[in-house]
Amino acid sequence: MSSKELHFTVFCIENVAEHLNKSGTEIYKLLKEDSEILDDYIVPCYDTLHTQDKEYIVEDIVEFMREKRLV
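In the working numbering, the protein residues as written are 1406 to 1476.
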């Protein structure tokens, strides 16, 4: 993972955590340990996702989490 991708994943985790009123640690666990969203979606789709605005990114990830019944 490049430093840009790492920075982006932290951005995603922290903003989803804020949106869901949870800690970054909780969201990291949901995205990395309880599912493969971080490794199978956020990082591979970095090139597309990072061009979107914050609201879109957060809503997209939260919707994916809902589909996986994580939230």
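Using N, Cα and C, we set each Cβ at its ideal position, and we do this for glycine too.
- Ranking 1471, 1442, 1444 and 1448 by CA distance to the CA of residue 1409 puts 1448 first.
- In this structure, residue 1429 lies away from residue 1442, with their beta-carbon atoms at least 7 Å apart.
- Boundaries for residue 1458: no alpha helix (DSSP H) harbours it, and the DSSP string shows neither H nor E there.
- Residue state for residue 1450 is assigned as coil, using DSSP reduced to three classes.
- DSSP places residue 1411 in the helix class (H, G or I) of the three-state scheme.
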